[in-house]
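J.: Residues in the sequence shown are numbered consecutively from 6, following the numbering used here.
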Amino acid sequence: MTDRIRRLGMTAARFALSGALLWLLLSQTDASALMARAAAIDPRWLAAAFALTVVQVVLISWRWAVIMAGLDASIGTMRALRINLAAFFLGQALPTSIAGDAWRVLKIRSLGFGIGTGVRGVLIDRTTAMIGLVLVVLVTAPLLLARMPDPAMRWSVAAGLGLGAALLALALSADRLSGRWASGRLSGVAEFGRAVRGLLSRPVTAIPIVGVSVMVHLLAGATMWLIAGSLGLPVGLVDCLVLMPPIVLVAGMPLSIAGWGLREGAVVAVFALVGVPMDGALLMSVLLGLLLLLVSLPGGLVLAFPEPGPGQAAPRRIR
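#1: Straight-line CA distance for E312 to I232?
#2: What do you reckon, are the CB atoms on L224 and L57 nearer than 7 Å?
#3: Would you check if the distance between the CB atom of V221 and the CB atom of L22 is smaller than 7 Å?
#4: What residues in its chain sit with their C-beta under 6 Å from that of L205, if we drop five residues either side in the sequence?
#5: Ends of the alpha helix (DSSP H) at W265?
#6: P320: buried (16+ other C-beta within 10 angstroms of its C-beta) or exposed?
#7: Helix, strand or coil: which one does DSSP assign to A171?
#8: Between the Cα of L328 and the Cα atoms of A25, A36 and G24, which residue gives the shortest distance?
#9: At the level of alpha carbons, what is the spacing between V253 and L143?
#10: Going by the beta-carbon positions, is the gap between F20 and I262 smaller than 7 Å?
#11: What did DSSP end up calling G316 once you bin it into helix, strand or coil?
#12: Write down the C-beta distance between M249 and G226 rounded to the nearest angstrom, noting that I regard them as a contact closer than 8 Å.
#13: From what residue to what residue does the alpha helix (DSSP H) around Q97 run?
#14: Specify the secondary structure class of D326 as computed by DSSP and reduced to three states.
#15: Give a yes or no on whether the C-beta atoms belonging to T82 and A70 are separated by under 7 Å.
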């Protein structure tokens, strides 16, 4: 009962945070300018942004399939895509971001692989996505810092990047540290580090995994550039490539509902650095959220019509 109350409390807190942040942003935005900009949206640019979002989902699924094959649990790209679509839908529809990952682990188990394999596969997928994000941020950091006029902001971002890179390096090398990292409750961290390094030490798996991770983050920037184009905002492609990684990092924090509120606040704050007005930045973020929701909808069909598991007969068609 206590756990249930705690979960309900956390869910209520996420809804409250998303609602409060969105209300705060809307209350500070010129409503007439927002509506006028929304009425002038060019659907052709949005269609291109949607197509790029679909490409990202396919690439992410292929990366996960490569990771699972490297763990001796081959599931194939199409099955990985089906599972990921359903997980993506759960992540957008449910108040907790962990639901999609839990679904992926359960599906791996239903395919006859161990639950530990499923957990490692999901964690490695998340970690390699973070590695790609760190690489993009490190390469574009000079351009990002150059767009920040406040020295305190630049130092804060630089410190955050250094801390994130250090924590990632610690997790990947935990098994090489002495003491409790190698045994006890933290032994799983050490085993996880070995598994990730094992995949990244082989070019046949490292190149597609890291390459896709970097490509997905670059495509996220290109997607935001297309969304800005649909609104007629004079934002450069380089600006979007540089500014999107910190937005992805903030929106991915498990504090709100599917990133709503956090993402909008980050987009407004970050794109203000390149002169995007608040109503334009807010609408950019809302359109991105709606595109993500639209891309996830086929996952609902996957959940409604699951494929047969091992040893399970497919349903017969009635003639």
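For every residue, glycine included, the Cβ atom is placed at its ideal position computed from N, Cα and C. Just so you know, these numbers come straight off a predicted model, no measurement behind them.
T.: This is what the structure holds:
#1: 35 Å
#2: yes
#3: no
#4: A211
#5: Careful: W265 lies outside any alpha helix (DSSP H) and carries neither H nor E.
#6: Residue placement at P320 is poorly supported in this model, since its pLDDT is 40, which falls under 50; the coordinates are not used for a value here.
#7: helix
#8: Since the displayed the chain opens at 6 and closes at 324, residue 328 lies outside it and no answer follows.
#9: 15 Å
#10: yes
#11: Because the pLDDT at G316 is just 48, under 50, the model does not fix this residue reliably, and the value given afterwards should be weighed accordingly. Residue state, collapsed to three classes: coil.
#12: 4 Å
#13: T82 to A98
#14: The chain is shown only over 6 to 324; residue 326 falls outside these bounds and no answer can be derived.
#15: yes
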